[in-house]
Each structure stands twice: as C-alpha cells, then as structure tokens.
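Student:
Protein chains: 2
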Amino acid sequence: MPLMPLPREWDTFLSRANPAVIATIRKDGSPHSVATWYDWHKGRIMLNMDPKRVRLEHIRRDPRVALTVFDKQEWEIHLSLLGRIVEITDDYTLEDIDRLAIRYTRMPFGNRDHGRITAWMEPERWHGWGQDGNLVPR
Amino acid sequence: MPLMPLPREWDTFLSRANPAVIATIRKDGSPHSVATWYDWHKGRIMLNMDPKRVRLEHIRRDPRVALTVFDKQEWEIHLSLLGRIVEITDDYTLEDIDRLAIRYTRMPFGNRDHGRITAWMEPERWHGWGQDGNLVPR
Chain A
0 MPLMPLPREW DTFLSRANPA VIATIRKDGS PHSVATWYDW HKGRIMLNMD
50 PKRVRLEHIR RDPRVALTVF DKQEWEIHLS LLGRIVEITD DYTLEDIDRL
100 AIRYTRMPFG NRDHGRITAW MEPERWHGWG QDGNLVPR
Chain B
0 MPLMPLPREW DTFLSRANPA VIATIRKDGS PHSVATWYDW HKGRIMLNMD
50 PKRVRLEHIR RDPRVALTVF DKQEWEIHLS LLGRIVEITD DYTLEDIDRL
100 AIRYTRMPFG NRDHGRITAW MEPERWHGWG QDGNLVPR
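These protein sequences, in sequence, are chains A and B.
Under numbering that gives the first Met the number 0, the residues of the first sequence are numbered 0 to 137, in order.
Under numbering that gives the first Met the number 0, the residues of the second sequence are numbered 0 to 137, in order.
1) Considering only the alpha carbon of each residue, which of 49(A), 51(A), 14(A) and 43(A) lies closest to residue 64(A)?
2) If I measure Cβ to Cβ from residue 59(A) and keep anything under 6 Å in the same chain, skipping five residues before and after, which residues do I get?
3) Does the segment 7-18 of chain A come close enough to the segment 69-80 of chain A to have 3 or more Cβ pairs within less than 8 Å?
4) What three-state label does DSSP hand residue 137(B) in the structure shown?
5) Using a 10 Å radius around the Cβ and a threshold of 16 neighbouring Cβ atoms, would you call residue 20(B) buried or exposed?
6) Would you verify that the beta carbon of residue 18(B) is, or is not, closer than 8 Å to some beta carbon of chain A?
7) So the candidates are 25(B), 67(B), 70(B) and 84(B); which of them puts its Cα closest to the Cα of residue 47(B)?
8) Give me the Cα-Cα distance between residue 137(A) and residue 128(A), rounded to the nearest whole angstrom.
9) Three-state secondary structure (DSSP) at residue 128(B)?
10) For residue 69(B) and chain A, any beta-carbon pair shorter than 8 Å?
11) Are the Cβ atoms of residue 45(A) and residue 104(A) separated by less than 8 Å?
12) Please confirm if residue 34(B) has its CB atom under 8 Å from at least one CB of chain A.
13) What does DSSP give as the partner residues of residue 64(A) in its beta bridges?
14) Compute the Euclidean distance between the alpha carbons of residue 119(A) and residue 27(B), then round it to the nearest angstrom.
15) Interface residues of chain B around residue 30(A) at Cβ under 7 Å?
16) Could you check whether residue 29(B) and residue 66(A) sit closer than 8 Å to each other, using their CB atoms as the reference points?
17) Does any CB atom of chain B fall closer than 8 Å to the CB of residue 113(A)?
Structure below.
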C-alpha cells in the first residue's frame, strides 16, 4: 500500500460527503467496524462520536484505525486509509458534529442533550479502487 | 452487542447484494479494511478473494474479522457483524466468485486467468442502524 499523500483525484473524492466505515481494535485484539460520518480537512480525517460508543474506548487503548470510503453514487469506487488517531477532543460546543451533520444532512445535529467527542485520524497509507475497475495503484 | 441469530429484517437485508467492508487484523495487530462482495448463506457470510490479497494472509494468521454492510439504496441503514473465518477453501472452479459476480453484476466473473480463494465467516455478534434512525437494538 502506497504512503500518503493521496493523488488529487482521491483528495477530491474524500472532500465529498461519502458513506464510510471505521475499523478499530477491540480489547481482545479483534477488529470492530461500523459506519461513520467523516470530514476531510487538510490531510486529516475528522470523526465524531457519542461519548458512550465502544469505539471511543478502542481508540483510547489503541489509536490504530482503518477507514474505507465509498463513492455515494457509484459504490464500485472506494478508497481505504490506514492510519492512527492523533488527537481526541471534547466537542462540548457541538461545533464538530454540526459540521458533519450539515455536510451529510444539511441540518445541524438533532440530539443536543449531551456532548460529543471528536477524533482526528492521520492517514499513513492508502489503497483505492477506481472508475476503470482496477485497484489503484496496481 | 447482541449475539446471533439476526432478527428476520436483517436477515433479509443481508440477502441483498449490498456494498460491504471487511476489516481484518494486520501482522502488527492494526486494523485493515477494504470493500468486498459477500453472499449470505445459511447464517454464514461467503467472501472470495484473489490469492494475492493481503487480507488472505491476515485471516490465515488471525481469523477474527468484522463486516459492515450498507443498504445500497439508503446509506443510512447499515449492519455490522463481528465473527471469525471458519473455513478457507480453494475456489479453483471459480464457482464461488461466479456466484458473487452474478449476484452483484449479473455476469460471471471476468478474470478467469487464475484461481480464487473462498472464506466463510461465521458471525457471532451484530449491531445495526435501522430505518428510523436508531441504533438497533438500543
């Protein structure tokens, strides 16, 4: 798998509000995966979660994560990133989750009863499957 | 996360040719994720891959995997399964990859130059996000 940075076409791909899956490591070393919203900002992936989600425990214990992103229109196109969580912050103003909710739903986040947690992933490696049906790069 | 079996609505969901992501564990214990075709057959997930794919090394070393499946029409609906690979077989007749290719593309698999490998995942736990926008079960 090639190292970062991403070729420009994949950079554009990530800037769209595409469906994604985050994989984390459970306490016993096995993988966990779940769908997630994300934002792509200056070469980092922004994730945001309810403080009760188990994946928050996972990334606090082991910051290594993988993210796979599908093209929303053509799901044969997808990109995977391997990397690590480099920063975890308290989103007490709900600023980050609102940014994600507006990106994906055009509306601020609905549930404003309790705080959220933001985690920043720094990708290290990537592999993608492009429009011509080939793994990129081969 | 609840144990198997799946409620019937998720069983139906898995029987469709939906986009999915498989997460495996790399040699260093970090997660790897990539998009995959799958089939759902008698409570097991069938996966198939080129013998050169790194995820084959991963599952031979550590059979624990996670799978997240999106509804093809409505991305907001998704299901995740945790489990393990219980059987790896040589698909030398290309029967299994043809079954997947026909399921997803309505055509037999294009590349017939070399063999394929089939891996069967047995799910142990599941969690889903349903049509009403809630994590199921809560």
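Backbone N, C-alpha and C fix where the C-beta goes; we use that ideal spot for every residue, glycine too.
Tutor: A quick look at the data gives this:
1) If you number the first sequence from 1, residue 64(A) lands on position 65. The option with the nearest alpha carbon to residue 64(A) is 43(A).
2) Reading the first sequence from its first residue, position 60 is the one you call residue 59(A). So no residue of the chain qualifies.
3) yes
4) The residue you call residue 137(B) lines up with position 138 of the second sequence. The pLDDT assigned to residue 137(B) is 37, lower than 50, so where the model puts this residue is not dependable; a value taken from the coordinates is nonetheless given after this. Correct three-state label for residue 137(B): coil.
5) Stepping through the second sequence from its first residue, residue 20(B) is reached at position 21. That one is buried.
6) As a position in the second sequence, residue 18(B) is number 19, starting the count at 1. Yes - at least one Cβ of chain A is within 8 Å of the one on residue 18(B).
7) To locate residue 47(B), count along the second sequence from 1; it is residue 48. Among 25(B), 67(B), 70(B) and 84(B), the Cα nearest to that of residue 47(B) is on 84(B).
8) Locating residue 137(A) in the first sequence gives position 138, counting from the first residue. Locating residue 128(A) in the first sequence gives position 129, counting from the first residue. The predicted position of residue 137(A) is uncertain, since its pLDDT is 37 and thus under 50; no value can be drawn from it.
9) To locate residue 128(B), count along the second sequence from 1; it is residue 129. It is a strand residue.
10) Looking up residue 69(B) in the second sequence gives position 70. Chain A, which has a Cβ nearer than 8 Å to the Cβ of residue 69(B), makes this yes.
11) As a working mapping, residue 45(A) is identified with position 46 in the first sequence. As a working mapping, residue 104(A) is identified with position 105 in the first sequence. Residue 45(A) is not a Cβ neighbour of residue 104(A), given a cutoff of 8 Å.
12) Residue mapping note: residue 34(B) aligns to position 35 of the second sequence, counting from 1. It does: the Cβ of residue 34(B) has a partner Cβ on chain A nearer than 8 Å.
13) Here residue 64(A) corresponds to residue number 65 of the first sequence, with the count starting at 1. DSSP, once it has assigned bridges, lists 82(A) as partnering residue 64(A).
14) By one-based count along the first sequence, residue 119(A) stands at place 120. By one-based count along the second sequence, residue 27(B) stands at place 28. Taking the straight line joining both Cα atoms gives about 21 Å.
15) Numbered from 1 along the first sequence, position 31 holds the residue referred to as residue 30(A). Result: 22, 23, 24, 30, 63, 64 and 65.
16) The sequence position of residue 66(A) within the first sequence is 67, counting from 1. The sequence position of residue 29(B) within the second sequence is 30, counting from 1. Contact flag unset, no.
17) As a first step, residue 113(A) must be located in the first sequence, where it is residue number 114. It does not: the Cβ of residue 113(A) has no partner Cβ on chain B nearer than 8 Å.
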